[in-house]
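Since the structure comes first, as structure tokens, the remarks are kept for the end.
As structure tokens, this is what we get:
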């Protein structure tokens with residue numbers, strides 16, 4: 001079953017604006033990761049936040065994690081046209097055994113940044 | 001050097017054929033995966049191997065058979081291809097559930 005759900009499904013903004021995407025999940029996690037996928041391309045790892053962390057920064061990216069609400073957000077500040085892509089959250093469960101290392105993806109948010 | 005490389009990049013084949021997709025990683029990771037991305041861009045895990053041992057096998061038709069000759073390689077063989085198998089297949093590798101690296105994908109089209 002799908003672990004993460006993201007909203008919005010699509011986001012359209014102007015260059016320079018901030019973009020916020022949200023992700024919710026259902027079970028206990030070891031960590032949560034955000035990925036970007038440009039049209040017709042592979043997935044690029046953006047940032048990882050562990051279950052005991054609340055906020056993480058990487059360049060123009062800021063990720064928050066609220067384990068009590070089982071939710072995360074990705075903020076891209078001062079967006080650029082080159083940020084246009086699909087963004088996915090993915091969770092890694094705390095479980096071992098047959099779930100070890102299993103990345104479960106959300107549905108993704110399609111971000112369009114207009115120049 | 002490409003960290004996770006998969007071949008071919010594109011594969012167009014007729015229904016009923018058997019085909020293979022190959023994946024190699026040079027990162028020294030101990031776990032490799034196959035993911036399927038459907039036409040709605042939904043990504044779902046299919047298989048995972050840790051040090052050549054199968055550890056994740058989601059509900060996938062048994063026409064799909066992964067093979068890991070060593071921990072740097074994970075191939076996917078598909079028998080009797082069906083129209084519904086058309087998708088983009090991604091190989092990935094990771095170490096300790098942290099550093100996941102994805103290949104660039106194989107776009108499979110079954111006609």
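Chains as they are written, first to last, in this note's numbering: chain S, 1 to 115; chain L, 1 to 111. Every residue, glycine too, gets a C-beta built ideally from N, C-alpha and C.
*Environment of residue 114 of chain S [buried if 16+ CB atoms lie within 10 Å]*: The residue given as residue 114 of chain S occupies position 114 in the first chain. Counting every other CB atom within 10 Å of its CB across the protein chains shown gives residue 114 of chain S a total below 16, marking it as exposed.
*Can you tell me the Cα-Cα spacing of residue 14 of chain S and residue 84 of chain S, whole angstroms?*
Your numbering for residue 14 of chain S matches position 14 in the first chain. Your numbering for residue 84 of chain S matches position 84 in the first chain. If I take the Cα positions, the gap works out to 11 Å.
*Three-way DSSP call (helix, strand, coil) for residue 92 of chain L in this model*: On the second chain, position 92 is the one that residue 92 of chain L refers to. Annotated three-state conformation of residue 92 of chain L is strand, per DSSP.
*Would residue 41 of chain S pass as a contact of residue 104 of chain L if the rule is Cβ separation under 8 Å?*
For the purposes of this step, residue 41 of chain S is identified with residue 41 of the first chain, where counting begins at 1. For the purposes of this step, residue 104 of chain L is identified with residue 104 of the second chain, where counting begins at 1. With contacts defined by Cβ atoms closer than 8 Å, residue 41 of chain S and residue 104 of chain L form a contacting pair.
*asked:* As a quick exercise: from L:72, L:39, L:45, pick the residue whose alpha carbon is nearest that of residue 107 of chain L.
replied: To locate residue 107 of chain L, count along the second chain from 1; it is residue 107. Shortest Cα-Cα distance from residue 107 of chain L to any of L:72, L:39, L:45 involves L:39.
_For a quick check, are the C-beta atoms of residue 6 of chain S and residue 21 of chain S less than 8 Å apart?_
Your numbering for residue 6 of chain S matches position 6 in the first chain. Your numbering for residue 21 of chain S matches position 21 in the first chain. Yes, Cβ-Cβ distance for residue 6 of chain S and residue 21 of chain S is below 8 Å.
*Starting from residue 9 of chain S, find everything on chain L with Cβ-Cβ shorter than 9 Å and list it in chain order.*
In the first chain, residue 9 of chain S corresponds to position 9, counting from 1. Within chain L, no residue comes near residue 9 of chain S; the closest Cβ sits about 10 Å away, beyond 9 Å.
_Enclosing beta strand (DSSP E) for residue 22 of chain L [first to last residue]_ = For the purposes of this step, residue 22 of chain L is taken as the residue at position 22 of the second chain. Counting along the chain, the beta strand (DSSP E) containing residue 22 of chain L begins and ends at 19 to 25.
*Taking a cut of 9 Å between CB atoms, which residues from the stretch 16 to 45 of chain L lie near chain S?*
Within the stretch 16 to 45 of chain L, the residues whose Cβ lies closer than 9 Å to some Cβ of chain S are 31, 33, 35, 37, 40, 41, 42, 43, 44, 45, listed in chain order.
*Measuring CA to CA, which of S:18, S:34, S:23 is closest to residue 98 of chain L?*
Working through the second chain from its first residue, we reach residue 98 of chain L at position 98. It is S:34.
_Own chain, CB closer than 6 Å to residue 36 of chain S, minus 5 neighbours either side, in chain order_ = Mapped onto the first chain, residue 36 of chain S falls at position 36. Within its own chain, the residues whose Cβ lies closer than 6 Å to the Cβ of residue 36 of chain S, once the five positions on either side in sequence are excluded, are 44, 46, 85, 87, listed in chain order.
*Can you have a look at residue 53 of chain L and say buried or exposed, based on whether 16 or more other CB atoms are within 10 angstroms of its CB?*
Start at 1 with the first residue of the second chain, and residue 53 of chain L comes out as number 53. Residue 53 of chain L counts as exposed, since fewer than 16 other C-beta atoms from the protein chains shown sit within 10 angstroms of its C-beta.
*Where residue 66 of chain S falls: helix, strand or coil (DSSP)*: For this step, residue 66 of chain S is matched to residue 66 along the first chain. Looking at residue 66 of chain S - three-state DSSP - the assignment turns out to be strand.
*Whole-angstrom C-beta distance between residue 91 of chain L and residue 4 of chain L, which should lie under 8 Å*: Against the second chain, residue 4 of chain L aligns to sequence position 4. Against the second chain, residue 91 of chain L aligns to sequence position 91. The C-beta separation of residue 4 of chain L from residue 91 of chain L comes to about 6 Å, placing the pair in contact by the 8 Å criterion.
_Using a Cβ-Cβ distance cut-off of 8 Å, determine whether residue 43 of chain S contacts chain L._
Counted from its first residue, the first chain places residue 43 of chain S at position 43. Interface residue, yes.
*In chain order, what residues of the same chain lie with their CB nearer than 6 Å to the CB of residue 35 of chain L, ignoring the 5 residues before and after it?*
The residue labelled residue 35 of chain L in the question sits at position 35 within the second chain. Excluding positions up to five away in sequence, the list reads 43, 45, 90.
*Given a threshold of 16 other Cβ atoms within 10 Å of its Cβ, counted over all protein chains shown, does residue 102 of chain S qualify as buried or as exposed?*
For the purposes of this step, residue 102 of chain S is identified with residue 102 of the first chain, where counting begins at 1. Only buried fits residue 102 of chain S, as 16 or more other CB atoms lie within 10 angstroms of its CB.
_Endpoints, the beta strand (DSSP E) within which residue 56 of chain L is located_ = Counting from 1 along the second chain, the entry for residue 56 of chain L is found at position 56. Element bounds for residue 56 of chain L: 53 to 57.
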